[in-house]
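As they're listed, the protein sequences go chains A and B.
The numbering used here numbers the first residue of the first sequence as 116 and each following residue consecutively.
The numbering used here numbers the first residue of the second sequence as 8 and each following residue consecutively.
Only one structure is covered here, and it is reproduced in the block below.
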Amino acid sequence: AQRVTQPEKLLSVFKGAPVELKCNYSYSGSPELFWYVQYSRQRLQLLLRHISRESIKGFTADLNKGETSFHLKKPFAQEEDSAMYYCALSTGNQFYFGTGTSLTVIP
Amino acid sequence: SAVISQKPSRDICQRGTSLTIQCQVDSQVTMMFWYRQQPGQSLTLIATANQGSEATYESGFVIDKFPISRPNLTFSTLTVSNMSPEDSSIYLCSVRQGNIQYFGAGTRLSVL
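Structure representation (structure tokens):
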């Protein structure tokens, strides 16, 4: 079965502190992993994908196949990062989303 | 990237009635998807709508309850039929382009 796990429902950090949102996946094939973000009153949108290997809004995520993880990291959190974050796995035919992590950055 | 227009953005409905949600995409797409997003839970795929064929429903969702139309490559509708309070949720239209999923703004449905 394909599955995406985000163990933290809620995460609070202070502004300027590092932040890591955890994501683990379970898939027997070659996965494509994504992070989606939903800011307050906005639509769900793509933040980054692992094959791009780029930094978006200061966020990076590295696919670790050994640990089957795709954690999202940012060295210095900003207030505008407060949002709901979803990790997603694509098998080509199907997308699977984690349950999401609500990030709050405390000023 | 695909731009998706979804309407209505929200509605409050009475038990036993039906609501049809519309989804318009600014480009032609083969596959359109309908998701449900309940508070505190992940996105749940309801069905995949392909143009020219019947929608494919996920386990737990049936056509009688959630009929879907896909008349062309840029448009789809989802109807929530015979609504009950348990149907209160956010319904999302989504399309896939280049293995990236794009989402509409969602329809927030409240059933009284």
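Built from N, CA and C at the ideal position, the CB exists for glycine as well.
Computed from a predicted model, the values in this text were never measured in an experiment.
Under DSSP, aspartate 18(B) shares a beta bridge with Leu116(B).
Assignment of glutamate 135(A) by DSSP, reduced to helix, strand and coil, places it in the strand class. Chain B has a Cβ within less than 8 Å of the Cβ of arginine 158(A). Under the criterion of beta carbons closer than 8 Å, valine 36(B) and leucine 80(B) qualify as touching, at roughly 6 Å.
Residues of the region 97-112 of chain B with a C-beta atom less than 9 Å from some C-beta of chain A are Leu99, Ser101, Arg103, Asn106, Ile107, Gln108, Tyr109, Phe110, Gly111 and Ala112, listed in chain order.
Between glutamate 147(A) and leucine 136(A), the gap from beta carbon to beta carbon reaches 8 Å or more.
Contact annotation for leucine 161(A) against chain B: Ile107 [CB-CB distance below 7 Å, chain order]. In the DSSP assignment, leucine 159(A) falls outside any beta strand (DSSP E) and carries neither an H nor an E. Shown here, proline 222(A) sits in coil according to DSSP, grouped into three states, outside any helix or strand. Identification of chain B residues near glycine 213(A) by a Cβ-Cβ cut-off of 7 Å yields Ser49, ordered along the chain. At a beta-carbon threshold of 7 Å, the residues of chain B lying near phenylalanine 210(A) are Gln108, ordered along the chain. Around glutamine 44(B), the same chain offers Leu50, Thr51, Ser96, Ile97, Tyr98, Leu99 and Gly113 as residues with beta carbons nearer than 8 Å, after the five sequence neighbours per side are excluded. Judged by DSSP secondary structure, lysine 188(A) falls within the beta strand (DSSP E) whose first and last residues are 187-189. Of Lys14(B), Gly23(B), Ser8(B) and Ser25(B), the smallest CA-CA separation from glutamine 31(B) is found for Lys14(B).
By the neighbour-count criterion, in which a residue is buried when 16 or more other Cβ atoms sit within 10 angstroms of its Cβ, aspartate 94(B) is buried.
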